[in-house]
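Q:
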């Protein structure tokens with residue numbers, strides 16, 4: 007059995023593919039559909055900004071109309087005006103071309119506010135891509151650390167299984183010799199079954215998390231040959247900045263400033279609009295033939311003027327719209343305060359976890375060293391006939407359990423450090439797009 011395990015381990019090492027967390031991060035950032043969708047959202051806002059800029063330019067319109075008019079009232083002819091409608095009843099075929107120019111001269115900076123809002127929205131979308139990338143990396147990290155722990159558990163518990171089998175056989179022999187109780191042998195059999203179940207759960211957990219890593223990183227990771235390299239981030243390498251430096255805080259600030267611009271825009275829409283307009287008309291008509299009317303088109307008149315438009319009352323629309331915008335700004339301010347509080351709490355919690363895990367790792371290292379001394383001492387006593395095989399195997403099992411605990415705590419410590427680093431990454435650390 008030992009020879010078989012050695013050969014299997016050697017084969018795994020020869021054909022295994024080692025991969026680091028940074029490789030998975032890079033691939034995930036380059037291929038993630040979530041990030042591509044957020045990037046497209048930014049492109050949409052950039053295109054929308056171009057359409058907002060169009061309001062700074064005059065509008066030039068060209069219109070043509072061809073009309074046939076049949077006078078049903080023989081007693082009337084010429085031109086009649088009814089309300090805002092002009093009726094020309096004397097001519098049957100009429101064609102006209104109109105070239106119109108409209109330009110908003112002054113509206114208290116409403117167009118500039120619309121441009122400002124669009125620019126803030128673009129910055130917010132860019133920061134949203136950065137925040138989404140951080141979430142992606144944190145999700146990747148969770149699966150990576152869990153897979154590492156499962157891989158470690160599988161490796162150590164497989165070794166423990168071999169020792170448990172040996173211990174079970176020893177106790178069976180002792181039971182046959184009358185030196186061990188049936189209950190003790192039964193308990194050992196139960197421990198062996200429980201250990202086999204734990205090994206199976208470790209393998210299932212490893213497979214599930216490796217599949218999740220494949221999905222997130224877009225790298226095909228083989229379930230049998232992939233070896234996850236240790237995380238390398240050290241707590242002393244982490245720059246702990248304030249919440250205000252974080253991309254999430256910057257996105258909230260952009261949204262709040264955008265809402266302030268929207269409030270200002272809403273106020274300005276209630277002020278007068280001064281516009282310039284000009285029209286150039288070409289007109290042609292004929293009593294009998296539509297084609298002749300079209301050929302008769304010639305310059306008729308032109309005009310130019312200024313118009314002033316002021317909405318004095320819109321059914322209390324401004325009041326309700328204004329209240330809504332102020333409430334939305336209040337909500338953003340509360341979301342900012344909540345996010346800051348959660349950020350600070352998470353930072354403090356992770357720092358405490360790192361300190362406690364460092365202490366636990368130190369204590370577990372010392373305990374493991376004592377266990378190794380205990381193993382050596384037991385082997386010496388066994389060689390001298392002062393200790394039995396059961397004691398030696400039991401001490402070896404204790405050593406493996408402590409090694410597993412130490413490795414799990416080391417993985418957790420590295421995970422907390424990497425998570426803290428990701429939490430405090432700035433907007434300039436995101437993948438350029």
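In our numbering, the protein residues as written are 7 to 439.
Here a beta-carbon is modelled for each residue, glycine too, at the ideal position from N, C-alpha and C.
The structure presented is a predicted model; accordingly, all values stated were derived computationally and were not measured.
Starting from residue 66, trace the beta strand (DSSP E) in both directions and tell me its first and last residue.
A: As a working mapping, residue 66 is identified with position 60 in the chain shown. Element bounds for residue 66: 65-74.
Q: Based on the DSSP output, what are the partners of residue 292 in its beta bridges?
A: The count along the chain shown starts at 1 and reaches residue 292 at position 286. Per DSSP, 99.
Q: Quick one: what does DSSP say residue 110 is sitting in, helix, strand or coil?
A: Counting from one through the chain shown, the residue named residue 110 turns up at place 104. Strand.
Q: I need the straight-line Cα distance from residue 369 to residue 165, nearest angstrom please.
A: Your numbering for residue 369 matches position 363 in the chain shown. Your numbering for residue 165 matches position 159 in the chain shown. Residue 369 and residue 165: Cα-Cα distance of roughly 23 angstroms.
Q: If you run the structure through DSSP and keep just helix, strand and coil, what is residue 317?
A: In the chain shown, residue 317 corresponds to position 311, counting from 1. Residue 317: coil per DSSP, three-state reduction.
Q: Quick one: which unbroken beta strand (DSSP E) runs of 3-plus residues sit fully inside the region 202-287? Chain order, please.
A: The qualifying runs are 232-234.
Q: Considering only residues of the same chain and omitting the five flanking positions on each side of residue 315, which have a CB-CB separation below 8 angstroms?
A: Looking up residue 315 in the chain shown gives position 309. These residues qualify, in order along the chain: 278, 279, 281.
Q: Strictly by DSSP, which residues pair up with residue 105?
A: Your numbering for residue 105 matches position 99 in the chain shown. For residue 105, which the question treats as bridged, DSSP gives the partners 68, 286.
Q: Taking 8 angstroms as the threshold (C-beta atoms), are residue 163 and residue 51 in contact?
A: As a working mapping, residue 51 is identified with position 45 in the chain shown. As a working mapping, residue 163 is identified with position 157 in the chain shown. Cβ distance not < 8 angstroms, so residue 51 and residue 163 don't count as in contact.
Q: Put residue 196 into one of helix, strand or coil per three-state DSSP.
A: As a first step, residue 196 is located in the chain shown; it is residue number 190 there, counting from the start. Three-state DSSP puts residue 196 in a helix.
Q: Could you name the residues of the same chain whose beta carbon sits closer than 7 angstroms to that of residue 73, not counting the 5 residues immediately before and after it, in chain order?
A: Here residue 73 corresponds to residue number 67 of the chain shown, with the count starting at 1. Closer than 7 angstroms at the Cβ level, and outside the excluded window around residue 73, lie 100.
Q: With 16 as the cutoff for other CB atoms within 10 Å, does residue 215 come out buried or exposed?
A: Counting from 1 along the chain shown, the entry for residue 215 is found at position 209. Classification for residue 215: buried.
Q: When the Cα atoms are used, what is the spatial distance from residue 365 to residue 149?
A: Here residue 365 is taken as the residue at index 359 of the chain shown, counted from 1. Here residue 149 is taken as the residue at index 143 of the chain shown, counted from 1. If you take the alpha carbons of residue 365 and residue 149, they lie about 25 angstroms apart.
Q: Could you tell me which residues DSSP puts in a beta bridge with residue 310?
A: Counting from 1 along the chain shown, the entry for residue 310 is found at position 304. Beta-bridge pairing links residue 310 to 284.
Q: Could you spell out where the beta strand (DSSP E) holding residue 25 opens and where it closes?
A: For this step, residue 25 is matched to residue 19 along the chain shown. 23-25 is the span of the beta strand (DSSP E), which, as asked, contains residue 25.
Q: Tell me whether residue 432 sits in a helix, a strand or coil according to DSSP, three-state version.
A: Within the chain shown, the letter at position 426 stands for residue 432. In this structure, residue 432 counts as strand in the three-state DSSP scheme.
Q: Considering only the beta carbon of each residue, do residue 253 and residue 433 sit closer than 8 angstroms?
A: On the chain shown, residue 253 is found 247 positions in, with the first residue counted as 1. On the chain shown, residue 433 is found 427 positions in, with the first residue counted as 1. In this structure, residue 433 lies closer than 8 angstroms to residue 253 by Cβ.
Q: Tell me whether residue 163 sits in a helix, a strand or coil according to DSSP, three-state version.
A: Looking up residue 163 in the chain shown gives position 157. Residue state, collapsed to three classes: helix.
Q: Under the rule that 16 or more other beta-carbon atoms within 10 Å means buried, what is residue 44, buried or exposed?
A: Indexing the chain shown from 1 puts residue 44 at position 38. Under this definition residue 44 is a buried residue.
Q: Using 8 angstroms as the threshold, is the region 386-397 in touch with the region 164-183, meaning 3 or more CB pairs across them?
A: Because the criterion of three Cβ pairs below 8 angstroms is met, the region 386-397 and the region 164-183 touch.
Q: Have a look at 183, 117, 181, 236 and flag the residue whose alpha-carbon is nearest the alpha-carbon of residue 416.
A: Here residue 416 is taken as the residue at index 410 of the chain shown, counted from 1. The residue with the shortest Cα to Cα distance from residue 416 is 236.
Q: For residue 246 and residue 205, I'd like the C-alpha separation in whole angstroms.
A: Residue numbering aside, residue 246 sits at position 240 when the chain shown is read from its first letter. Residue numbering aside, residue 205 sits at position 199 when the chain shown is read from its first letter. Straight-line Cα distance between these residues: approximately 39 angstroms.
Q: Would you say residue 220 and residue 227 are within 8 angstroms of each other, going by their C-beta atoms?
A: On the chain shown, residue 220 is found 214 positions in, with the first residue counted as 1. On the chain shown, residue 227 is found 221 positions in, with the first residue counted as 1. It is a contact, given that the beta carbons lie within the stated cut-off.
Q: With burial defined as no fewer than 16 other Cβ atoms inside 10 Å of the residue's Cβ, what is the status of residue 212: buried or exposed?
A: Reading the chain shown from its first residue, position 206 is the one you call residue 212. Buried: at least 16 other Cβ atoms inside 10 Å.
Q: Is the Cβ-Cβ distance between residue 217 and residue 30 less than 8 angstroms?
A: Position 211 of the chain shown, counting from 1, holds the residue named residue 217. Position 24 of the chain shown, counting from 1, holds the residue named residue 30. It is not a contact, given that the beta carbons lie outside the stated cut-off.
Q: First and last residue of the alpha helix (DSSP H) that includes residue 186?
A: Counting from 1 along the chain shown, the entry for residue 186 is found at position 180. That residue, residue 186, is in no alpha helix (DSSP H); it is neither H nor E in DSSP.
Q: Compare the beta carbon distance of residue 265 and residue 335 with 8 angstroms and say whether it is the shorter of the two.
A: Counting from one through the chain shown, the residue named residue 265 turns up at place 259. Counting from one through the chain shown, the residue named residue 335 turns up at place 329. Yes.
Q: Could you tell me the alpha carbon to alpha carbon distance between residue 337 and residue 262, rounded to whole angstroms?
A: Along the chain shown, read from residue 1 onward, the residue named residue 337 stands at position 331. Along the chain shown, read from residue 1 onward, the residue named residue 262 stands at position 256. Cα to Cα, the separation comes out at about 10 angstroms.
Q: With a 10 Å radius around its C-beta and 16 neighbouring C-beta atoms as the bar for buried, classify residue 421 as buried or exposed.
A: As a working note, residue 421 is residue 415 in the chain shown. Classification of residue 421: buried, given that the 10 Å Cβ count is 16 or more.
Q: Are the beta-carbon atoms of residue 289 and residue 306 separated by less than 8 angstroms?
A: One-based indexing of the chain shown puts residue 289 at position 283. One-based indexing of the chain shown puts residue 306 at position 300. Contact: yes.
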